[in-house]
Ligand SMILES: [Zn+2]
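Residue numbers (the numbering used here): 128 to 416.
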């Protein structure tokens, strides 16, 4: 067995193809809010999972929450301003792993000097140094429990990802003063962001003896990298990203039919109800069905 492979990793031979998820809550320390693991006995086998092993997307779900079964779509639709929304994400998929992401790993509050932290005895993929703000002071020696994420950095990374998905869809992203005018130019900008993340991922081969097969798997240093990687797989697989036409939802989804305009049955029905309400009010609003 290779020296950097952990014995607990029984699923695949390469440690970083798995991600971890624990129970998380918001914890405040010195005026900074962190997403950190909260107590509870720890069972490592229950907490590791394969973020890229996902169910196929075959039909629009009944409820909009159905899209939370895929981490990148969950992230693209996440309301980062809602603490419940953020906790819903991390309790389903784990932290984003920003200590392993260029541009976030040195995060600290404005005006503070960079104080690096090094995890001893753990070989991370790229750099082994990152901001001390990603380490929980009370982690009881558990390797997975020691990580935490400053809420501010988490929100920033979510916004960047949503900005990227909007650009990749040719949209003018909200809340940004500058965006190229032509949809093609917006997509080129998305391409540049995507390539920055893809540079951190790499394919690995996986040999299974019985029945004998060689397959391709992907190694990514963080869950955030996995979300970009999954979007890349969708884009190169010509899957169509759309925004739900039911305005109060407006979430991204993948169209499973050429004329799909709503992310879920629920949104379709709510839009229909709204339409007949407006019709009865004497308005005549045209909505694609
Ligand atoms: Zn919807």
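Where is the CB? At the ideal position from N, CA and C, for every residue including glycine. As the structure is a computational prediction, the values presented were derived from the model and not from experiment.
Would you mind reading off the limits of the beta strand (DSSP E) that contains residue i?
i	result
residue 329	329–335
residue 244	243–245
residue 114	The chain is shown from 128 up to 416; residue 114 falls before or after that span and cannot be answered.
residue 381	379–381
Is it the case that the CB of residue i approaches a heavy atom of ligand 1 more closely than 8 Å?
i	result
residue 212	no
residue 436	Nothing about residue 436 can be read from this structure; the chain reaches only from 128 to 416.
residue 241	no
residue 354	no
residue 373	yes
residue 327	no
residue 393	yes
residue 389	yes
residue 380	yes
residue 215	no
Taking buried to mean at least 16 other C-beta atoms within 10 Å of its own C-beta, is residue i buried or exposed?
i	result
residue 355	buried
residue 405	exposed
residue 183	exposed
residue 391	buried
residue 322	exposed
residue 365	exposed
residue 253	With a pLDDT of only 49 at residue 253, under the threshold of 50, the placement of this residue in the model should not be trusted; the figure read from the coordinates follows. Looking at its Cβ environment, which holds fewer than 16 other Cβ atoms inside 10 Å, residue 253 is exposed.
residue 407	exposed
residue 340	exposed
residue 211	exposed
residue 144	buried
Determine the closest residue to residue i out of the options, with distance taken between C-alpha atoms.
i	options	result
residue 181	274, 372, 360 and 293	360
residue 279	236, 294, 289 and 243	236
residue 348	245, 272 and 223	223
residue 369	330, 389 and 230	389
residue 263	157, 398, 403 and 387	157
residue 154	300, 230, 260 and 314	260
residue 377	340, 311, 301 and 228	301
residue 350	217, 399 and 333	217
residue 353	333, 325 and 337	325
Contact check, residue i vs residue j under 8 Å by CB: the rounded distance?
i	j	result
residue 197	residue 176	No, residue 197 and residue 176 are not in contact; Cβ-Cβ is about 13 Å, not under 8 Å.
residue 241	residue 258	7 Å
Please report the residue range of the alpha helix (DSSP H) in which residue i lies.
i	result
residue 318	310–325
residue 285	278–295
residue 203	198–204
residue 217	210–220
residue 180	It is not in any alpha helix (DSSP H) - residue 180 carries neither H nor E in the DSSP assignment.
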